[in-house]
Amino acid sequence: MMDWLSLLLPAWIMGTLLVFLTAPLGCLMLWRRMSFFADTMAHGTLLGVAIAGALSLPLWMGVTFLALLLVGILWILHDPRLPNDALLALCSATLLCSGLLFIQHIPSLRPELLSYLFGDLLTISWADLPIFTLVIAGALLVLYKYWQAQIQIAIDPDIAASEGIHAQWQRLIFMLLLALFTVLALRAVGSLLMGALLVIPALTARLLAHSPKQMVIWAFVIAQIGVTVGLWSSAGLNTSTGLTIVLTMAVIFALIFTVQKFKKLA
Amino acid sequence: MSALRQQTLSPAPLIRLEQIQVRIDERDILKQVDFSLYEKEIVTLIGPNGAGKSTLIKVMLGIVKPTAGKVVADKKLKFSYVPQKFNPSHSLPLRVKDLLALEKCSSALKAEIIRDTGIAKLENSKVQQLSGGERQRVLLARALLRQPDVLVLDEPMQGLDIQSEAELYDYVRSLPEKYGCAVLMVSHDLQWVMQGTHRVVCLNKHICCSGLPESVQQHPEYQAIFGTNRVFYQHHHDHCAHGDHAEPCQHDSRPHIHPEPEV
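Protein chains in written order, with my numbering: chain A, -10 to 255; chain B, 45 to 307.
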């Protein structure tokens, strides 16, 4: 029992901390219609891992570099003839393919491929937690400072611009926060699943909320339930933690959605 | 005459546009536009479709960067904008009271504005489900809560019935006096132009003419656009039985807009 606890407790705390960031960030992502962007960035982390591996740099450096590169690429690719979501699909596929190809050719990384794709929360140790907490607190501070501006842009970009809110600057801040999140979430849920960690609780919260604040709170509660139930049941069922957490969240969404539909019918 | 009056009342304009040009896809949207707005002034922008009215407003508000020319205004000048289109994403749960809560102001002022724009009953409604008229009232209220120096309204009469429209005009007319803001409005309503405005600016990519409503009407370029036959409807207050004029009502003598009738 104690062995279990010492293995699961740091992982659980890390998941719980991560939710402080995913709840507001996920809601903003929905409101600003940027879920494709989050997914693209998440897939891009894989190439970041590969680059870091090839140059024997720490992983977070590679992932940060790639996130910044993606922000730059999208900045340059901006073209009214090309729809944004399609451009993101292009980048997403390109990054994922090159990341996979790269990793397959680096012997030291190959055995870890699955954990980069789906994460491995259980590799988190107590020593990781302080720096992790600090980074999340910093990100939350930035988010808090720009929260109202971000909401105003989500409500109406023109009104926001007329009131002196700089849309491009706010967009950049949001992208950088997402980039930071991908660095933090890579080990927890992996490249393929981190989009789900943002989007599923926010979607579920949308079903329940009547105001922006309520939606963030609901997203927080639902993600916490997802992380906690998912993590502890994955230990009991001996399943992958990342997959179990995402599936738990999906089940919560399905339950609430179904109950609401039935209520409407009744 | 109006120029003289403005000079004595407020020597410097709040905002001045100089030789503004906007080109989009090699097409001139605006060219060589000079425009000034003075304190507590009500100016109406008229012109045919595609004349660049909304673009001119957006240049002034800093939403659109002009290709050439400059906008001179105090950095501290506060704008409020009621746009023509307002469609927030359905993924954002937003009630009217959440929208209004974004602007910080005293609760007395807030209560007054909510009452005067007739939106008290809408506070718990979802912003995305408002009718056209309700949306205009809510947007106007939100704009006023900011206590702006310049209130910019882009065709604010959409979706309003005739009675509310007349009330809204009366209300807007009272705003410079009440809250000390200048009003710039895009309007197709020539009756409003005639009665409610201190100054009219007729725009067709460039400024055709501007001045008092009566004098603009005589201008050849104005007549080329709106025709010589379409004279302003001269409104006489002694025969308003047909409901196009807001009657003073029993409960409050100040200009205000009544809520939409409940269905």
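All residues carry an ideal CB built from backbone N, CA and C; glycine is no exception.
These numbers were taken from a predicted model, which means no experiment stands behind them.
Shortest Cα-Cα distance from L165/A to any of M18/A, V60/A and R22/A involves V60/A. Within chain A, the residues placing a beta-carbon under 8 Å from that of P137/B are R195, A198, H199, S200, P201, Q203 and M204, ordered along the chain. Contact with chain B is found for D145/A, since one of that chain's Cβ atoms lies less than 8 Å from the residue's Cβ. Around the beta carbon of P47/A, fewer than 16 other beta carbons sit within 10 angstroms, so the residue counts as exposed. In the DSSP secondary-structure assignment, I90/B is bridged to C246/B.
Under the Cβ criterion (8 Å, minimum of three pairs), the segment 166 to 178 of chain A does not count as touching the segment 147 to 158 of chain A. Taking C-beta atoms under 8 Å as the contact rule, I241/A and V216/A fail to qualify, at a distance of about 11 Å. Counting along the chain, the unbroken alpha helix (DSSP H) around K141/B starts and ends at V140 to A145.
Contact check between the segment 99 to 107 of chain B and the segment 174 to 190 of chain B: fewer than three CB pairs, one atom from each, fall below 8 Å, which does not count as touching. Counting only the Cα atoms, I214/A lies some 18 Å from T228/A.
Listed in chain order, the alpha helix (DSSP H) elements of length 4 or more contained wholly in the segment 41 to 74 of chain A are 48 to 66. Only those residues of the segment 102 to 120 of chain B whose C-beta falls short of 7 Å from the nearest C-beta of chain A are listed: L105, G106 and I107.
A Cβ-Cβ contact shorter than 8 Å links S124/B with P192/B. Spatial neighbours of L219/B in its own chain (CB-CB distance under 7 Å, excluding positions within 5 residues in sequence) are listed in chain order as L195, C225 and V227. The secondary-structure analysis by DSSP pairs L81/B across a beta bridge with I59/B. For L195/B, the enclosing beta strand (DSSP E) begins and ends at V194 to D198. Setting aside the 5 residues that flank it on each side, P146/A is surrounded in the same chain by A156, each with a C-beta closer than 7 Å to its C-beta; the list follows chain order.
The beta carbon of K141/B sits closer than 6 Å to the beta carbons of E167 from its chain, once the five residues preceding and following it are set aside; these are given in chain order.
When rounded, the separation of the alpha-carbon atoms in P132/B and L232/A is 34 Å. Here C252/B carries a strand assignment [DSSP, helix/strand/coil].
Nearest C-alpha to S254/B among I86/B, D72/B and I73/B: I86/B. With a beta-carbon spacing of about 6 Å, A177/A and G4/A fall inside the 8 Å limit used to define contacts. Taking the CA atoms as reference points, A191/A sits about 18 Å from A128/A.
In the displayed model, F130/B falls within coil according to three-state DSSP, outside both helix and strand. Taking 8 Å as the CB threshold, A138/A stays off the interface with chain B. DSSP places M104/B in the helix class (H, G or I) of the three-state scheme. Taking a contact to require three or more Cβ pairs closer than 8 Å, the segment 94 to 101 of chain B and the segment 67 to 85 of chain B qualify as touching. Using a CB distance cut-off of 8 Å, Y125/B counts as an interface residue toward chain A. Taking C-beta separations shorter than 6 Å and ignoring five residues to either side along the sequence, the partners of G42/A in its chain run I95 and L98, following chain order.
For Y215/B, the closest C-alpha among the options H232/B, A112/B, G240/B and D205/B is that of G240/B. CA-CA distance, R217/B to M23/A, rounds to 42 Å.
One Cα belongs to L236/A, the other to L153/B, and the distance between them is close to 49 Å. No residue range can be given for V171/B, since it is assigned to no beta strand (DSSP E) and is classified by DSSP as neither H nor E. Chain B places a beta carbon closer than 8 Å to that of R22/A, counting this residue as a contact.
For S169/B, none of the residues of chain A pass the 9 Å Cβ criterion, the least Cβ distance being about 11 Å. Contact between V244/B and P257/B holds: their C-beta atoms lie close to 5 Å from each other, under 8 Å.
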